[in-house]
Amino acid sequence: MLQKHISQLCNDQSSKRSNGTSGFLSLPSPWSFICRDLKQNWHKLWAAWQQFAIPNSSIELIKSMNAGRVKLYDANPEILNLLSGTNLQVSIMVPNSEISTIASNQAKADEWVRNNVLPYYPQTMIRYLLVGNEVLSYNSSDQDRQMWLDLVPAMTKIKSSLKAQNITNIKVGTPLAMDVLQSTFPPSNSMFRPDISNSVMAPMLRFLNRTNSFMFIDVYPFFPWSSNTTNISLDFALFRGNNNTDYYTDLGSGLIYTNLLDQMLDSLIYAMAKLGYPNIRPLITETGWPNSGDIEQPGANIHNAATYNRNLIHRMVAKPPLGTPARPGVVIPTFIFSLFDENQKTGSGTERHWGLLHADGTPIYDIDLTGKRPLEDYEPLPEANNNRNGTCDALSPGKECYEPVSEILHASYAFSSYWAKFRSHGATCYFNGLAEQTTVDPSHGSCKFPSVTL
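Heads up, the sequence shown is in my numbering, so the first residue is 218 and it goes up one at a time.
Below is the structure:
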């Protein structure tokens, strides 16, 4: 395993894995992964929408990618007009700022539907109307907490407005983040946060059940994996686990989990069941994996992003449907976040790099949203670490870092040298989880390790 990765960098020796955080890359104990192909499920996967893109060009891109549905984060008139007659099913959204007004006034709900649905429907195939976005994750003011209480009344009034117009095929709901759960592990022990369980979630579930709608959820395995790489393997996060390796057994339910997404979804399902609603279907409004990130964000790279999204698609378009261990055979509609990288977005590196496409519309990696393409038919992912450009010159016989001939030292140097050379160009390299960042300089004698200044 180690030899394979070091030879990719240098046509040379080998390496392992070690502890630390930023600056250099070094290695602690050996870590191997088994790659397994996963089966497929049915339904097309959907690309989420970024507003900064040119709408007409973006729609043509979405159509060329064979996406079946698109998600808007508002009800943009230009985009909704352009989507008319495209056969793309559409999700639109009421902004958080309008929730409380709509909740207290049926006329405002009627006005919102009249202005944002009726001019486009049915020529534009609006199928989901989402009220707010991750509303229950905001808790910094009394206004935020009032919005929690206004959420279900606003959903109810929007649904009534649609019904008054004889529109029955638009599902109403609201996207939630995983922080609505008090705990997610083990799944069978999951429950909603006590500050929202009875006051918000119980009436919400009653509404979703009565209207045969979905529990809309944003779920990102990248975040729990990246914050706990010691206990969660990369294979488990990337759908490469199986019943022999990289699996987890929930002792409360006896169910076996071979991937992190199923575990997270079943946490939601068990929490709903505890409030008396075990059969509401989940719909994933956002999921994905970052294709790049900062040096302190290991695992955010093109290889992992492509692996996650390709395996995700094959799971979600499989025939018969796979569902989850707690809900086998259930179709789980899924939006991939996002269509484009967002180069102007502030925050950590991963915030800008969730896209399937660069901002200019060129693909970051090859992906088939229909799930028809076998995983083995993809071209090998290009790895920047094949661009050696002197990366490992110091490891050649007689050079300053050749002695001592140590797998660990040679691999540590190769990884650090590669990262220092290519990071400024936006490149990332997949080391299969072997490398870690450290502030401890592993230089020795005349061998000086390249480093990155943060």
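Note that the Cβ used here is the ideal one computed from N, Cα and C, for glycine as well.
Assess contact between the stretch 443-458 and the stretch 405-424, defined as three or more Cβ pairs (one per stretch) separated by less than 8 angstroms. Is contact present? The stretch 443-458 is not in contact with the stretch 405-424.
Is the beta carbon of N526 closer than 8 angstroms to that of I584? The residue you call residue 584 lines up with position 367 of the sequence shown. The residue you call residue 526 lines up with position 309 of the sequence shown. I584 places its beta carbon less than 8 angstroms from that of N526.
How would you write the range of the alpha helix (DSSP H) that E503 sits in, first residue to last? Within the sequence shown, numbered from 1, the residue matching residue 503 stands at position 286. First-last for E503: R498 to T504, but that is the beta strand (DSSP E), not the alpha helix (DSSP H).
Taking the CB atoms as reference points, tell me whether I553 and T504 lie closer together than 8 angstroms. Along the sequence shown, read from residue 1 onward, the residue named residue 553 stands at position 336. Along the sequence shown, read from residue 1 onward, the residue named residue 504 stands at position 287. Here I553 is near T504, since their CB atoms are less than 8 angstroms apart.
Among K562, R286 and S416, which one has its Cα closest to the Cα of V369? Position 152 of the sequence shown, counted from the first residue, corresponds to residue 369. Residue S416 is the option with its Cα nearest to V369.
On a CA-only basis, which of P339, T524 and S633 is nearest N592? Give me that one, please. Position 375 of the sequence shown, counting from 1, holds the residue named residue 592. Note on residue identity: the sequence assigns Leu, not Asn, to residue 592. Looking from the CA of L592, the closest CA among P339, T524 and S633 belongs to T524.
Using CA coordinates, which residue listed in I316, Q382, L299 and I387 is at the minimum distance from Q360? For the purposes of this step, residue 360 is taken as the residue at position 143 of the sequence shown. Here the closest residue by C-alpha is I316.
Just to confirm the assignment: which complete beta strand (DSSP E) runs, minimum length 3, are found wholly within the stretch 297-323? Within the stretch 297-323, complete beta strand (DSSP E) segments of at least 3 residues are found at 306-311, given in chain order.
Among N429, T563 and I473, which residue has its Cα nearest to the Cα of P403? Within the sequence shown, the letter at position 186 stands for residue 403. Per the C-alpha coordinates, the member of N429, T563 and I473 positioned closest to P403 is I473.
Where Q340 falls, given that 16 or more other Cβ within 10 Å makes a residue buried: As a first step, residue 340 is located in the sequence shown; it is residue number 123 there, counting from the start. The residue in question, Q340, is exposed, as its Cβ has fewer than 16 Cβ neighbours within 10 Å.
Residue range of the unbroken alpha helix (DSSP H) whose run includes S400: Position 183 of the sequence shown holds residue 400. That residue, S400, is in no alpha helix (DSSP H); its beta strand (DSSP E) goes L398 to S400.
DSSP state of L573, grouped into three classes? Along the sequence shown, one-based indexing puts residue 573 at 356. In this structure, L573 counts as coil in the three-state DSSP scheme.
Can you grab the Cα-Cα spacing for the pair S663 / D511, in whole Å? Indexing the sequence shown from 1 puts residue 663 at position 446. Indexing the sequence shown from 1 puts residue 511 at position 294. So the two alpha carbons sit approximately 29 angstroms from each other.
What are the residues that DSSP puts in a beta bridge with L347? Numbered from its first residue, the sequence shown carries residue 347 at position 130. M310 and G390, per the DSSP bridge assignment.
Quick one: is A517 buried, meaning 16 or more other Cβ sit within 10 Å of its Cβ, or exposed? Walking along the sequence shown from the start, residue 517 turns up at place 300. That one is buried.
For E568, which of H531, S509 and V534 has the nearest alpha-carbon? What you label residue 568 is simply residue 351 of the sequence shown in a count that begins at 1. Ranking the options by Cα distance to E568, first place goes to S509.
If M489 and L422 are in contact, beta carbons under 8 angstroms, what's the gap, nearest whole angstrom? Position 272 of the sequence shown holds residue 489. Position 205 of the sequence shown holds residue 422. With 8 angstroms as the limit, M489 and L422 qualify as a contact, their Cβ atoms being about 6 angstroms apart.
Give the single residue among L485, T579, M372 and S430 whose Cα lies nearest to the Cα of R544. For the purposes of this step, residue 544 is identified with residue 327 of the sequence shown, where counting begins at 1. The shortest Cα separation from R544 among L485, T579, M372 and S430 belongs to L485.
So which of H575, P499, D435 and M481 has the shortest CA-CA distance to N406? Counting from 1 along the sequence shown, the entry for residue 406 is found at position 189. In this structure, M481 is the residue among H575, P499, D435 and M481 with its C-alpha nearest to the C-alpha of N406.
Looking at C-alpha atoms only, which residue of N521, M418, D367 and S430 is the closest neighbour of P597? Working through the sequence shown from its first residue, we reach residue 597 at position 380. Per the Cα distances, N521.
Which whole-angstrom value describes the C-beta separation of E351 and A394, a residue pair presumed to lie in contact below a C-beta threshold of 8 angstroms? The residue labelled residue 351 in the question sits at position 134 within the sequence shown. The residue labelled residue 394 in the question sits at position 177 within the sequence shown. About 5 angstroms separates the two Cβ atoms, so the contact holds.
Cα-Cα separation, K536 to L529: By 1-based counting over the sequence shown, the position of residue 536 is 319. By 1-based counting over the sequence shown, the position of residue 529 is 312. Rounded to the nearest angstrom, the two C-alpha atoms are 14 angstroms apart.
Taking the beta strand (DSSP E) that M282 falls in, what are its first and last residues? The sequence position of residue 282 within the sequence shown is 65, counting from 1. Segment: none, M282 is in no beta strand (DSSP E) and carries neither H nor E.
Can you tell which of I375, G458 and D610 has the C-alpha that lies nearest to the C-alpha of D327? As a position in the sequence shown, residue 327 is number 110, starting the count at 1. Checking every option, the nearest Cα to that of D327 belongs to I375.
Under 8 angstroms between C-beta atoms of M418 and P499: By one-based count along the sequence shown, residue 418 stands at place 201. By one-based count along the sequence shown, residue 499 stands at place 282. No. Outside cutoff.
Taking just the CA atoms, how far does E624 sit from C609? The residue you call residue 609 lines up with position 392 of the sequence shown. The residue you call residue 624 lines up with position 407 of the sequence shown. C609 and E624 have their C-alpha atoms roughly 14 angstroms apart.
For S555, count the other beta carbons within 10 Å of its own beta carbon; 16 or more makes it buried, fewer makes it exposed. Which is it? Your numbering for residue 555 matches position 338 in the sequence shown. With 16 or more other Cβ atoms inside 10 Å of its own Cβ, S555 counts as buried.
Take D435 and list the residues in its own chain whose beta-carbon comes closer than 6 angstroms to its own, dropping the five residues that flank it on each side. Stepping through the sequence shown from its first residue, residue 435 is reached at position 218. Its chain contains P392, A394, T502 and E503 as the residues whose beta carbon lies nearer than 6 angstroms to that of D435, once the 5 sequence neighbours on both sides are disregarded; these appear in chain order.
Take the Cβ of V622 as the centre, count every other Cβ of all protein chains shown within 10 Å, and call the residue buried at 16 or more, exposed below. In the sequence shown, counting from the first residue as 1, residue 622 sits at position 405. Classification of V622: exposed, given that the 10 Å Cβ count is below 16.
Endpoints, the beta strand (DSSP E) within which M432 is located: Here residue 432 corresponds to residue number 215 of the sequence shown, with the count starting at 1. Where M432 is concerned, the enclosing beta strand (DSSP E) stretches over F431 to D435.
Spatial distance of S565 from A381 (CA atoms): Looking up residue 565 in the sequence shown gives position 348. Looking up residue 381 in the sequence shown gives position 164. Using only the alpha carbons, I get a separation of about 45 angstroms.
G546 vs F557 beta-carbon contact at 8 angstroms: Here residue 546 refers to the residue found at position 329 when the sequence shown is read from its first residue. Here residue 557 refers to the residue found at position 340 when the sequence shown is read from its first residue. In this structure, G546 lies away from F557, with their beta-carbon atoms at least 8 angstroms apart.
L289 and I309 look like a contact to me (Cβ under 8 angstroms); what is the Cβ gap, rounded to whole Å? Within the sequence shown, numbered from 1, the residue matching residue 289 stands at position 72. Within the sequence shown, numbered from 1, the residue matching residue 309 stands at position 92. The pair is a contact, with the Cβ atoms about 5 angstroms apart (cut-off 8 angstroms).
Classify I251: buried if its beta carbon has 16 or more other beta carbons within 10 angstroms, exposed otherwise. Numbered from 1 along the sequence shown, position 34 holds the residue referred to as residue 251. Residue placement at I251 is poorly supported in this model, since its pLDDT is 19, which falls under 50; the coordinates still yield a value, given next. Exposed.
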